[in-house]
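Read through the structure below, which is laid out as structure tokens, and then see the notes.
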Amino acid sequence: GIQVEQSPPDLILQEGANSTLRCNFSDSVNNLQWFHQNPWGQLINLFYIPSGTKQNGRLSATTVATERYSLLYISSSQTTDSGVYFCAVVSSDSWGKLQFGAGTQVVVTP
Amino acid sequence: GAVVSQHPSRVICKSGTSVKIECRSLDFQATTMFWYRQFPKQSLMLMATSNEGSKATYEQGVEKDKFLINHASLTLSTLTVTSAHPEDSSFYICSGATTTSGGLDEQYFGPGTRLTVT
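Sequence order for the protein chains is A and B. For what it's worth, the numbering used here labels the leading residue of the first sequence as 1418, then goes sequentially. For what it's worth, the numbering used here labels the leading residue of the second sequence as 63, then goes sequentially.
Below is the structure:
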């Protein structure tokens, strides 16, 4: 099956800093989603981005499908950005099933 | 964005009993629902896929007789953990998605159910 690798595994940021999270995948994908899992366990949809670039407030994402990677940018980080960020992909042969990466644990300190 | 609810949010049960978890799509019709489990400090693992009115499809290694899934309507799926044991203690999360002409759309997740088996 498709492999999804996220880096870095852990990230500690000072409030106000910018950061980039990366997601590499091993095969072609139909879909890619970025999620933020808050401390209570809820997964919040950030981006649905099989290709191209999208922005939502302080967050933006870029997926380069031909090179099999996606990037999530966090600018001017806030303590509420803390949590785990997951990348998940739908491969061409999995019909809708999301394969999750291991996640990046982000801690934003005041 | 679309909203998915789960009930209960937290449940404690005795070993050997069964527990039912409900997953509802509140403002969209979920032609497909997925059930995941997540152990502490780990990622989400897909357990099964259910389509409305059809039998669920289970991932390799997931016991279908232990984890009963019913998707009776476009807004409700249930997961029943039968004869629960302490090793079934975990965080169970559902998601729903609609079918489009291009395939399955974006998945939206419920808030999860924390199951503890004593």
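Beta carbons: idealized from backbone N, C-alpha and C, even for Gly. None of the values given here were measured: they were computed from a predicted structure.
Alpha carbon of residue i to alpha carbon of residue j, nearest angstrom
| i | j | result |
| --- | --- | --- |
| residue 1430 of chain A | residue 84 of chain B | 37 Å |
| residue 119 of chain B | residue 112 of chain B | 6 Å |
| residue 105 of chain B | residue 1521 of chain A | 10 Å |
| residue 1421 of chain A | residue 158 of chain B | 22 Å |
| residue 1419 of chain A | residue 1506 of chain A | 9 Å |
| residue 1526 of chain A | residue 136 of chain B | 42 Å |
| residue 102 of chain B | residue 90 of chain B | 30 Å |
| residue 144 of chain B | residue 96 of chain B | 18 Å |
| residue 71 of chain B | residue 1494 of chain A | 30 Å |
| residue 146 of chain B | residue 125 of chain B | 12 Å |
| residue 133 of chain B | residue 1460 of chain A | 22 Å |
| residue 100 of chain B | residue 1486 of chain A | 24 Å |
| residue 1514 of chain A | residue 93 of chain B | 13 Å |
Three-state secondary structure assigned by DSSP to residue i
| i | result |
| --- | --- |
| residue 1482 of chain A | helix |
| residue 168 of chain B | coil |
| residue 114 of chain B | coil |
| residue 1427 of chain A | strand |
| residue 144 of chain B | coil |
| residue 1497 of chain A | helix |
| residue 149 of chain B | helix |
| residue 92 of chain B | coil |
| residue 1464 of chain A | strand |
| residue 157 of chain B | strand |
| residue 1448 of chain A | strand |
| residue 1515 of chain A | coil |
| residue 72 of chain B | strand |
| residue 1476 of chain A | strand |
Chain B contact residues for residue i, given Cβ-Cβ distances below 8 Å
| i | result |
| --- | --- |
| residue 1478 of chain A | Going along chain B, no residue has its Cβ under 8 Å from residue 1478 of chain A, so there is no contact; the nearest lies around 13 Å. |
| residue 1384 of chain A | Residue coverage of chain A in this structure runs from 1418 to 1527, which leaves residue 1384 of chain A outside it and unanswerable. |
Beta carbon proximity, residue i to chain B, threshold 7 Å
| i | result |
| --- | --- |
| residue 1459 of chain A | yes |
| residue 1462 of chain A | yes |
| residue 1558 of chain A | Because chain A here runs from 1418 to 1527, residue 1558 of chain A falls outside it and cannot be looked at. |
Per-residue contacts from residue i into chain B (C-beta, under 7 Å)
| i | result |
| --- | --- |
| residue 1519 of chain A | 105 |
| residue 1447 of chain A | 165 |
Neighbour list for residue i in chain B, Cβ cutoff strictly below 9 Å
| i | result |
| --- | --- |
| residue 1503 of chain A | 105 and 106 |
| residue 1420 of chain A | By Cβ distance, chain B contributes nothing, its closest Cβ being about 13 Å from residue 1420 of chain A, past 9 Å. |
| residue 1450 of chain A | 168 and 169 |
Closest Cα partner of residue i within the set the options
| i | options | result |
| --- | --- | --- |
| residue 107 of chain B | B/156, B/67 and B/138 | B/156 |
| residue 69 of chain B | B/180, B/179, B/178 and B/174 | B/174 |
| residue 65 of chain B | B/160, B/164, B/102 and B/165 | B/160 |
| residue 1426 of chain A | A/1494, A/1500 and A/1514 | A/1500 |
| residue 176 of chain B | A/1475, A/1458, A/1438 and A/1512 | A/1458 |
| residue 1446 of chain A | A/1518, A/1519, A/1524 and A/1511 | A/1511 |
| residue 1438 of chain A | A/1509, A/1475 and A/1504 | A/1504 |
| residue 1480 of chain A | A/1489, A/1436 and A/1432 | A/1489 |
Under 9 Å by beta carbon: chain A residues contacting residue i
| i | result |
| --- | --- |
| residue 174 of chain B | 1457, 1458, 1459 and 1460 |
Interface flag, residue i vs chain A, CB-CB below 7 Å
| i | result |
| --- | --- |
| residue 63 of chain B | yes |
Neighbouring residues, chain A, relative to residue i (Cβ below 8 Å)
| i | result |
| --- | --- |
| residue 155 of chain B | 1458 and 1460 |
| residue 118 of chain B | Residues of chain A passing the Cβ test: none, with the nearest at roughly 13 Å. |
| residue 159 of chain B | 1513 |
Residue i: contacting residues in chain A (beta-carbon distance under 7 Å)
| i | result |
| --- | --- |
| residue 146 of chain B | Those within 7 Å of residue 146 of chain B in chain A number zero; the least Cβ separation is about 20 Å. |
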